[in-house]
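Please read the structure below before turning to the comments.
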Amino acid sequence: MKKISFFVYANIALTALFTLLSLSFHADISLVAFPVSLLFTLLLAYMTVVRLLRKEGVVQLPAIRHALQYEPFVYISAFVLRRAGNAAPPFVLDLAGALVWVSLTLVSCVLLFLLREKAVPALGRWSEIPVEKPACTTIRSTVRRVGIELLEWADALVQAVFMIILLNIFLFQLYEIPSESMVPAFLIKDRVFVFKTLAGPKFPLSAVELPCFQNYKRGDIVVFRNPHYRTDRKAEVKTVLSQFVYMLTFTLVKTNTDENGELKADPLVKRVVGQPGEQLMLMDGKLYVRTAESGEFREEPADASWAAWNLNELSAAERAKVEWLPVSEDEYRSTLAVEAERRSLDLAAAKDECMRLAALFSVLARGGRVDADKVQALFPADKLAFYKSYSETYNLFDGYTGIIDGRLVRGEEGIVDLTVKLLSMDGGSQWFTDFMTSWYQNLDNLSSYTEDGAVSGSHLVGGNLYADSLFRLNVMVKLAAGRIILRQAELFLSGAADSGSLMNDEKLVRLYEQAQALTDYIFDMDQRNMPVFPADDEAGNPRYLPAGCYFMMGDNRYNSLDMRHSYTRHQVPLYAQDAYSMSYYTNIEPQAVDRGLILGKAGLRFWPPKRFALPGSF
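With my numbering applied, the sequence shown covers 32 to 649.
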């Protein structure tokens, strides 16, 4: 009896303390937390102190048990309400509230154990209220019985819902895969079990978290909060509420939208590919890793075991489950061919050809000369570009291509129009010469630059393989453009073709095919490559992922918007030291993920049953 009294008074003291911690002086939703806590504390005090400890004889123990069962749910709700307002409480207040909630939850569980049905007769003081069975069935008794049944069902449902919420916050959660970024490990609609306790789960809308005992290594598949989205107070409240709805509906209803009303990609399921203390680079589909101890970039062979570059290589059964193949077999082979051509490009020979093309075009050009400072303005620099969106593309070779009223429309300002302008306008020959030769003006001894050997060093333009690859790609595009412009100029001036019949020339067709391969590669290279991350400091010294930070990518690399990318694009030159550099629109902006955003490792893939798998077999 003394034991029960001790825990009853301890429970009331804890709930009263929690109520005081729920006070708010802001005119918003946080005001509701205090009356909710206070009313339930008074109810608990009446039922456990007045009715249980002081009343002699028959006591309604089932009602007391129900109140104790609801206690953790009511106070965690008050905890969320107190923090759902416009102003965040101090961390100390959050910590105190969390510690008190944990304590009162434990005490209520002890009381439920002491007051369990089997233990009551042994106490010798209380007895359950007997259940009276009606002697005969009447309409009134039937309605009463149905009402009781409905209340019991509602009670069971509410308790189940709250229990699921608590389990999802602190123990485990089920996630549905929304995209194909992790094919073949996960397909759309696969459901994954994630154990969260070891990952240090946080109390809702606060910075208070349980201790983190989980370690992550390269190759682990993790679920984490998307760091691309806003994390201000309003956004976090909306996220928490949407997560509750998501949990309550067993992952069926998603209401978490961004400021534009679009459904958020949050949380994300990706694979850890970079760990604290590492510097990364992705080139030609290969992951390179450098540490302070190694000093040099080395290829990470394990990445090839899960990175999926060519889904056409999957078995027929696996391919049938994939909704979209981002590249065809021919497109992938073309990608490999462009990369091989880039690696073997002889820069000294490229310089000689650029000079030859410029000299030949100067003979054909009909315009006069202009002042040197006016040459670059003859053709807009932003048209030396490659751009691709859902509704429109632009590249130097084809000009604009867009979808208008459901129809494919080709515009102007492509290389055909450029050829006509350069042939006829004053300064056209000067512009073409500068365009073809500007890339090597700041470089000496071109034959010393090679992509053979290490992936960083002075033999690479820009000091690393990624920067060197963009430099070489710029040269390749210029060579392709120069060959096309010269051939078109020859055809125009010979009268062999006009702008509508150029593609009757077999040589020009082959040149355009080569240009198309380059264009396709540039459009997709942000999925294929990533610059050095974290970037070196201004003095060229390497920087590494900080302690507690990781880098994640999807396995289906051509179809994964992950930590390599931002959600916006901007135009950048392929080689900034070239005044006439080709440029492209990129969303490459690598970002590390703090361990605090990681919700846990992906455990069982449990649904659909035919795809059941343990983590080691993903």
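Each residue gets a CB set at the ideal place from its N, CA and C atoms; glycine is no exception.
Nearest-angstrom Cα separation, counted from residue j out to residue i
| i | j | result |
| --- | --- | --- |
| Leu52 | Thr599 | 42 Å |
| Ala633 | Arg302 | 10 Å |
| Leu142 | Asp593 | 48 Å |
| Pro298 | Thr286 | 13 Å |
| Phe8 | Ser273 | Residue coverage of the chain in this structure runs from 32 to 649, which leaves residue 8 outside it and unanswerable. |
| Met78 | Pro209 | 47 Å |
| Phe410 | Leu427 | 12 Å |
| Arg541 | Leu524 | 20 Å |
| Ala323 | Glu330 | 15 Å |
| Asp186 | Thr228 | 27 Å |
| Ser455 | Lys265 | 59 Å |
| Asp404 | Trp462 | 11 Å |
| Phe226 | Phe217 | 17 Å |
| Lys34 | Leu197 | 28 Å |
| Ala115 | Val268 | 6 Å |
| Ala644 | Leu376 | 46 Å |
| Val304 | Leu342 | 20 Å |
| His97 | Ile179 | 15 Å |
| Gly493 | Val131 | 57 Å |
| Tyr606 | Gln407 | 17 Å |
Residues bridged to residue i (per DSSP)
| i | result |
| --- | --- |
| Pro307 | DSSP, once it has assigned bridges, lists no residue as partnering Pro307. |
| Ala339 | Asn587 |
| Asp625 | Cys580 |
| Lys419 | Thr424 |
| Asn495 | Ser487 |
| Phe224 | Leu205 |
| Met703 | The requested residue 703 is not part of the displayed model; the chain covers only 32 to 649. |
| His596 | Ile619 |
| Trp638 | Arg222 |
| Val603 | Tyr615 |
| Glu240 | Lys233 |
| Phe255 | Leu299, Ile629 |
| Leu45 | Answer is none; Leu45 lacks a bridge partner. |
Three-state secondary structure assigned by DSSP to residue i
| i | result |
| --- | --- |
| Gly250 | coil |
| Val39 | helix |
| Leu453 | helix |
| Asn427 | Sequence check: residue 427 is Leu here, not Asn. Three-state result, Leu427: coil. |
| Gly632 | Checking the displayed sequence, the identity of residue 632 turns out to be Lys instead of Gly. Lys632: strand per DSSP, three-state reduction. |
| Ala644 | strand |
| Val300 | strand |
| Arg114 | helix |
| Gln91 | coil |
| Phe392 | helix |
| Arg329 | strand |
| Pro103 | helix |
| Lys233 | strand |
| Val369 | helix |
| Thr50 | helix |
| Leu294 | strand |
Buried versus exposed, by CB contacts within 10 Å (16 or more), residue i
| i | result |
| --- | --- |
| Ile170 | exposed |
| Glu293 | exposed |
| Arg387 | exposed |
| Met194 | exposed |
| Tyr206 | buried |
| His259 | buried |
| Asp221 | buried |
| Trp340 | buried |
| Trp184 | exposed |
| His596 | buried |
| Lys233 | buried |
| Pro120 | buried |
| Asn590 | buried |
| Trp355 | exposed |
| Val394 | exposed |
| Phe37 | exposed |
| Ser336 | exposed |
| Pro357 | buried |
CB-CB length for residue i against residue j, believed under 8 Å
| i | j | result |
| --- | --- | --- |
| Val80 | Val39 | 6 Å |
| Glu327 | Leu576 | With a Cβ gap of about 17 Å, Glu327 and Leu576 do not count as contacting. |
| Ser68 | Ala129 | So it is not a contact: roughly 14 Å between Cβ atoms. |
| Phe255 | Leu630 | 6 Å |
| Asp625 | Cys580 | 6 Å |
| Pro235 | Val271 | 5 Å |
| Asn495 | Met312 | 7 Å |
| Pro573 | Arg321 | 6 Å |
| Asp499 | Leu491 | 4 Å |
Closer than 9 Å to chain C by CB, residue i
| i | result |
| --- | --- |
| Ala266 | Structure shown: chain C not included; a single protein chain is present. |
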